[in-house]
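A.B. asks: Below you will find the structure I want to go over with you.
Numbering (our numbering), first residue to last: 509 to 637.
Shown next as structure tokens:
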């Protein structure tokens, strides 16, 4: 498959078919900007997105509809802006947010609570969210 996925401040996630030169809107989030997309390692159809409403959403291109459940919700006072998977473990991913100074590590199999929460040295010892 020759597909690319993009996102933008207009709240749309688009799938581009590079062979056909076609672009389709895969999901729309009215009133919410989509900041970043990250492919799940070794899974060509699954990716995550970060949003200005504090959520991280899960996408699967194999799904019939544009269902994108929020698997992480840091709250409306926070924008999830950074995202990275652990390269050789497609279940673990880290999330950074603004203005929140913490990096949280989650497991896709259970995202209710972070596995780890990292803070800058000057904040160590303070309560972490």
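All C-beta atoms, glycine included, are put in the ideal place defined by N, C-alpha and C. Computed from a predicted model, the values in this text were never measured in an experiment.
Does DSSP put residue 513 in a helix, in a strand, or in coil?
C.D. replies: As a position in the chain shown, residue 513 is number 5, starting the count at 1. Residue state, collapsed to three classes: strand.
A.B. asks: Would DSSP call residue 566 helix, strand or coil?
C.D. replies: Translated into the one-based positions of the chain shown, residue 566 becomes position 58. Residue 566: strand per DSSP, three-state reduction.
A.B. asks: Grab me the residues of residue 606's own chain with a C-beta within less than 8 Å of its C-beta, minus the 5 sequence neighbours each way, in chain order.
C.D. replies: Here residue 606 refers to the residue found at position 98 of the chain shown. Cβ neighbours of residue 606 beyond the five flanking positions: 586, 587, 589.
A.B. asks: Roughly how far, in whole angstroms, is the beta-carbon of residue 553 from the beta-carbon of residue 565, given that I think they are within contact range, below 8 Å?
C.D. replies: As a first step, residue 553 is located in the chain shown; it is residue number 45 there, counting from the start. As a first step, residue 565 is located in the chain shown; it is residue number 57 there, counting from the start. Not a contact, Cβ separation roughly 15 Å.
A.B. asks: Among the residues of its own chain, which have a CB less than 6 Å from the CB of residue 514, if the five just before and after it don't count?
C.D. replies: Position 6 of the chain shown holds residue 514. Closer than 6 Å at Cβ, skipping near neighbours: 522.
A.B. asks: Report buried or exposed for residue 619, applying the criterion of at least 16 other Cβ atoms within 10 angstroms of its Cβ.
C.D. replies: For the purposes of this step, residue 619 is taken as the residue at position 111 of the chain shown. Residue 619 is buried by the Cβ-count criterion.
A.B. asks: The beta strand (DSSP E) spanning residue 546 covers which residue range?
C.D. replies: What you label residue 546 is simply residue 38 of the chain shown in a count that begins at 1. Where residue 546 is concerned, the enclosing beta strand (DSSP E) stretches over 542-547.
A.B. asks: Suppose contacts are defined by Cβ-Cβ distances below 8 Å. Is residue 560 in contact with residue 543 by that definition?
C.D. replies: Taking the first residue of the chain shown as 1, we reach residue 560 at position 52. Taking the first residue of the chain shown as 1, we reach residue 543 at position 35. Against a cut-off of 8 Å, the Cβ pair of residue 543 and residue 560 comes out as a contact.
A.B. asks: Look at the alpha carbon of residue 636 and the alpha carbon of residue 591, and state the distance between them as a whole number of angstroms.
C.D. replies: One-based indexing of the chain shown puts residue 636 at position 128. One-based indexing of the chain shown puts residue 591 at position 83. Its pLDDT being 49, under 50, residue 636 is placed unreliably by the model, and the measurement read from it follows with that caveat. In a straight line, the C-alpha of residue 636 is about 19 Å away from that of residue 591.
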